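Some notes on the structure that comes next.
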Ligand SMILES: [Zn+2]
């Protein structure tokens, strides 16, 4: 088995990500200060507001809400490097990770069967709370074929394609939850 993404690499990712956010938050000198984007200003600059709000803007936090050390790496179980790369990028995206770590989604989820938000919530919590240096991303591998029908375990796939399908599946889960 080959280790995909070491703790050191993951830590660099988290650090770069946090630095990027801090530098754009003028006037925030403390890393514990929660930086919120001024979304109402963004919308006022010509972007039409969404027809349906899936998550309130004021609850989106662009920097880590919890002190976060690097999580577990991901084992490559056979041509799954594309999947691991995408999962690591999403895991170390603070606004998404903050939400998934809160488990707010699964507490309210009514979805029967496959739900990509529940899948990502399980994966991110496992990676970031794991005491071991690497895990197999079973939560995602179990539903691999549901994320995109053309995906087959063991085959080389395209990381960008997998990212698009994953984000689409997450959005479908959110839209279906909001229409219930
Ligand atoms: Zn769900």
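Residue numbers (the UniProt record's numbering): 1 to 180.
From the three backbone atoms N, C-alpha and C, an ideal C-beta is built for every residue, glycine too.
What you are looking at is a predicted structure, and each value in this text was computed from that prediction instead of being measured.
So, with DSSP's three-state summary, where would you put residue i?
i: residue 147; result: helix
i: residue 70; result: coil
i: residue 162; result: helix
i: residue 48; result: coil
i: residue 76; result: strand
i: residue 127; result: helix
i: residue 175; result: helix
i: residue 89; result: helix
i: residue 214; result: Past the boundaries of the shown model lies residue 214; the chain is included only from 1 to 180, so the question cannot be answered.
i: residue 219; result: Lying before the first or after the last residue shown, residue 219 is absent from the chain, which here runs from 1 to 180.
i: residue 141; result: helix
i: residue 157; result: coil
i: residue 54; result: coil
i: residue 118; result: helix
Output needed for residue i: all residues of its chain with C-beta closer than 7 Å, excluding positions within five of it in sequence on either side, in chain order.
i: residue 71; result: 10, 91, 127, 128, 130
i: residue 52; result: 178
i: residue 154; result: 78, 79
i: residue 87; result: 74, 123, 137, 140
i: residue 168; result: none
Report all residues from its chain with a CB closer than 8 Å to the CB of residue i; omit the five preceding and five following residues, and keep chain order.
i: residue 101; result: 65, 66, 124, 125, 128
i: residue 141; result: 77, 80, 83, 153
i: residue 156; result: 79, 82
i: residue 176; result: 111
Could you tell me the distance, in whole angstroms, from the CA atom of residue i to the CA atom of residue j?
i: residue 47; j: residue 132; result: 44 Å
i: residue 59; j: residue 143; result: 29 Å
i: residue 57; j: residue 104; result: 15 Å
i: residue 107; j: residue 120; result: 14 Å
i: residue 163; j: residue 113; result: 21 Å
i: residue 158; j: residue 68; result: 29 Å
i: residue 146; j: residue 110; result: 18 Å
i: residue 150; j: residue 172; result: 18 Å
i: residue 50; j: residue 165; result: 21 Å
i: residue 161; j: residue 63; result: 27 Å
i: residue 148; j: residue 89; result: 19 Å
For residue i, I'd like the list of residues in its chain whose CB is within less than 6 Å of its CB, leaving aside the five on either flank, ordered along the chain.
i: residue 170; result: 116, 117
i: residue 174; result: 54
What does residue i pair with, by DSSP beta-bridge criteria?
i: residue 192; result: Residue coverage of the chain in this structure runs from 1 to 180, which leaves residue 192 outside it and unanswerable.
Please tell me whether residue i has its Cβ less than 8 Å away from any Cβ of chain B.
i: residue 130; result: No chain B is part of this structure, which consists of one protein chain only.
When you get a sec, list the residues whose CB is within less than 6 Å of any heavy atom of ligand 1, chain order please.
105, 106, 109, 111, 115, 117, 118, 173
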